[in-house]
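The sequence shown begins at 5 in this note's numbering and counts up one residue at a time.
In what follows, a single structure is set out as structure tokens and then discussed.
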Amino acid sequence: MSARVALWSAQVGVAAAGAASVGIATAFVSELSKAPHSAFVSLEPCPRSSATKALRHAVPVLRSLRFKDGGARCTRSLSGAAAVAGAGSLCATALLASTVTRRGRRGRKLRGRTAVAAGPDRAHHRVVVTGLGVVNAHGTDKEVFYENLCAGKSAVKIITKFDPEGLSTRIAAQMDELQTDGYIDTKNARRMDDVVKYTIVSGKKALEDAGLGLDSAAFKALDRERCGILIGSAMGGTSLQTSMDNMEKLFQGKKLSPFFVPYTLVNVPGGLLAIDLGFQGPNYAVVTACATGNYCISAAAGHIEKGECDLVLAGGAEAAVTKAGIAGFIACKALSSRNDEPEAASRPWDKDRDGFVMGEGAGVLCLESLEHAQKRGATIYAEYLGGAFTCDAHHMTEPQPQGDGVSRCIKMATQNAGVTPEQVGYMNCHGTSTPAGDMAEVNAIKRAFDGKTAGLVVNSTKSMIGHCLGAAAGLEAVVTVQALRHKKVHPTLNADIKNREEAMDIHAPSEALEMPGLDVAASNSFGFGGHNSCVVFRRWNE
5 MSARVALWSA QVGVAAAGAA SVGIATAFVS ELSKAPHSAF VSLEPCPRSS ATKALRHAVP
65 VLRSLRFKDG GARCTRSLSG AAAVAGAGSL CATALLASTV TRRGRRGRKL RGRTAVAAGP
125 DRAHHRVVVT GLGVVNAHGT DKEVFYENLC AGKSAVKIIT KFDPEGLSTR IAAQMDELQT
185 DGYIDTKNAR RMDDVVKYTI VSGKKALEDA GLGLDSAAFK ALDRERCGIL IGSAMGGTSL
245 QTSMDNMEKL FQGKKLSPFF VPYTLVNVPG GLLAIDLGFQ GPNYAVVTAC ATGNYCISAA
305 AGHIEKGECD LVLAGGAEAA VTKAGIAGFI ACKALSSRND EPEAASRPWD KDRDGFVMGE
365 GAGVLCLESL EHAQKRGATI YAEYLGGAFT CDAHHMTEPQ PQGDGVSRCI KMATQNAGVT
425 PEQVGYMNCH GTSTPAGDMA EVNAIKRAFD GKTAGLVVNS TKSMIGHCLG AAAGLEAVVT
485 VQALRHKKVH PTLNADIKNR EEAMDIHAPS EALEMPGLDV AASNSFGFGG HNSCVVFRRW
545 NE
């Protein structure tokens, strides 16, 4: 049974509207936005009544409002606003504060859904995944990509994109030549930065997978003003190398490429994809290092939830296997130097791990509102339930040892998703194969689950495709949705149970594992600067 408690907090009637009413509405929205996530707030018109009568009614009701956090502050401000409205004879308004506990058709309790609305157009919309796009060393087809992962194949090898001689790390999960025929015209493909190519190809593949190929009637029927793109990058692709190459030209008195500046901007790949598609909705790139993709996915979901968009392409892209990129991370002492055993170099949770392996590519989800997807008869893969973000505020590159920020992030993500930690059957870990990061995440997961991890299965995609930096979260979100679709999780390579850290006692299979009962899954991603993120999905069963 659904429970809905509604409190009419004010009926403030007046003869004329004034500018001050905007301030009152703003104050109201501002204060209620600080309420806990179980509060759903909307503003609706009410019948006219005298200011005096409205004031007498409003103040006691407003004072009766109680929120778990900051309640006193909220009621004081609202009472003040009502008093000003009564005294100033402002426009007729009713403030309906509703504390909502809702259950979906399958009995799922929905928590963490906060909205401030001016009517039914701003109601909460469910967000679903209808398409997946990948560009990676393991392939550009979502099924081939996942089959390679489930088979335990490593994409790590000696670097051939440039001469790595003289570097202490000479291995990576590099992208070989990307076939862009049918996605990018030949002229542009020759001059585009790799990260732009990865973004455009993965974005268009996600649309194709969603039944929205550019020549299809379904694509042509889209309202382009309600379609957006949020695809970010940590380093802007090869911009570091491009910058160095152009600086060398500058010192030699040579002319710089006119594409030098545009192709170093992280937002440009998404902008160019929008030009190709004609998408005129929200278009920006969130930059939070290796957590970028999750931030973009959650931000994109927010636009759909609020009714601003019907469809958003979201994820991350990176093309950092360059000499400057590798040398830079060597200087940070972050990379594995296991050059003689490339496929054994990325080994999350193993006692002999010595750093991560660089990877690259792109991972993009096609997110839609449930109504939009169902109306056009789309195949739905999963539902986005929610996510969360925190900051360690601890160190520029090192994680907080006990994973305090990560633990809070996971807890908040499950709360916002309306599930308990025990309902999460699978978690795609950040699992970079770094000495400090791996166990900090394990400690955080245990704390977030209150030690109840017996039914949880975890793995690390990075053990096979390396750490794809700004593309990592996007690619791993694709992996998480694929795990839900196939009810099967891929193994973690090189994680020999005999040589694992003793504290790593969460089930991480060394072979692909069938999970017929898998319903809810989560994906963690963290970035330099202390940025933590976690997103939660449910398998689509309706």
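We treat Cβ as the ideally placed atom computed from N, Cα and C, and that holds for glycine.
All values derive from a computational prediction rather than experimental measurement.
Given a cut-off of 8 Å on the beta-carbon distance, is the pair residue i and residue j in contact?
i                 : j                 : result
tyrosine 288      : leucine 234       : yes
phenylalanine 255 : proline 403       : no
serine 467        : alanine 499       : yes
asparagine 528    : methionine 416    : no
leucine 339       : phenylalanine 360 : yes
cysteine 154      : lysine 492        : yes
valine 483        : threonine 465     : yes
serine 170        : glutamine 245     : Looking at the sequence provided, one finds glycine at residue 170 rather than serine. Contact flag unset, no.
phenylalanine 541 : alanine 525       : yes
arginine 230      : glycine 143       : no
alanine 323       : aspartate 198     : yes
asparagine 447    : glutamine 406     : yes
threonine 268     : glycine 236       : no
tryptophan 353    : aspartate 219     : no
glycine 320       : serine 537        : no
leucine 479       : glycine 365       : yes
valine 139        : tyrosine 202      : yes
Please list the terminal residues of the continuous beta strand (DSSP E) segment that includes residue i.
i              : result
tyrosine 430   : 430-432
valine 316     : 315-322
threonine 394  : 386-395
alanine 480    : For clarity, residue 480 is glutamate in the given sequence; the question names alanine instead. Taken as a continuous stretch (DSSP letters only), glutamate 480 belongs to no beta strand (DSSP E), being part of the alpha helix (DSSP H) at 476-490.
isoleucine 235 : 231-236
Would you mind working out which of the options sits nearest residue i, comparing C-alpha positions?
i              : options                           : result
lysine 165     : Leu153, Thr173, Lys157 and Asp180 : Asp180
cysteine 300   : Val368, Pro168 and Ser350         : Val368
aspartate 314  : Gln427, Gly320 and Ala304         : Ala304
threonine 296  : Leu374, Gly533 and Trp544         : Gly533
serine 206     : Ile449, Ala475 and Asn463         : Ala475
isoleucine 175 : Ser341, Asn250, Leu317 and Asp227 : Ser341
valine 133     : Lys161, Phe393 and Leu317         : Leu317
threonine 184  : Met196, Ser350 and Ala177         : Met196
methionine 362 : Val138, Gly137, Ile163 and Phe149 : Ile163
valine 410     : Leu211, Asp198, Val272 and Val539 : Val539
aspartate 227  : Leu497, Gly236 and Phe283         : Phe283
proline 425    : Asn545, Arg412 and Thr436         : Arg412
glutamine 486  : Ala141, Leu136, His398 and Lys191 : Leu136
valine 428     : Gln178, Asp523 and Leu277         : Asp523
alanine 159    : His398, Ala348, Phe223 and Met519 : Ala348
asparagine 192 : Phe149, Leu277 and Leu216         : Leu277
proline 346    : Val272, Ala452, Thr173 and Gly459 : Thr173
glycine 215    : His129, Gln378 and Arg130         : Gln378
Between which two residues does the alpha helix (DSSP H) carrying residue i extend?
i              : result
leucine 277    : 272-281
cysteine 4     : Lying before the first or after the last residue shown, residue 4 is absent from the chain, which here runs from 5 to 546.
threonine 401  : First-last for threonine 401: undefined, no H or E at that position.
glycine 306    : 296-309
valine 148     : 146-154
asparagine 545 : Premise fails: asparagine 545 is in no alpha helix (DSSP H) and is neither H nor E.
glutamate 375  : 374-379
alanine 222    : 221-224
arginine 195   : 190-195
By the three-class DSSP mapping on this structure, what secondary structure does residue i have?
i                 : result
serine 467        : helix
valine 550        : The first residue shown for the chain is 5 and the last is 546, placing residue 550 beyond what the model contains.
serine 537        : strand
valine 33         : Bear in mind that the predicted position of valine 33 carries a pLDDT of just 38, short of 50, making it unreliable; the figure below should be weighed with that in mind. Residue state, collapsed to three classes: helix.
serine 350        : coil
leucine 211       : helix
isoleucine 449    : helix
serine 529        : strand
alanine 498       : According to the sequence displayed, residue 498 carries asparagine and not alanine. Correct three-state label for asparagine 498: coil.
valine 132        : strand
lysine 165        : coil
arginine 117      : Because the pLDDT at arginine 117 is just 36, under 50, the model does not fix this residue reliably, and the value given afterwards should be weighed accordingly. Note: arginine 117 maps to coil in three-state DSSP.
isoleucine 334    : helix
asparagine 343    : coil
valine 290        : coil
methionine 443    : helix
phenylalanine 255 : helix
methionine 362    : strand
valine 63         : Because the pLDDT of valine 63 is 38, which lies under 50, any placement of that residue in the model is unreliable, and the number read from its coordinates should be weighed accordingly. Correct three-state label for valine 63: helix.
leucine 473       : helix
arginine 228      : helix
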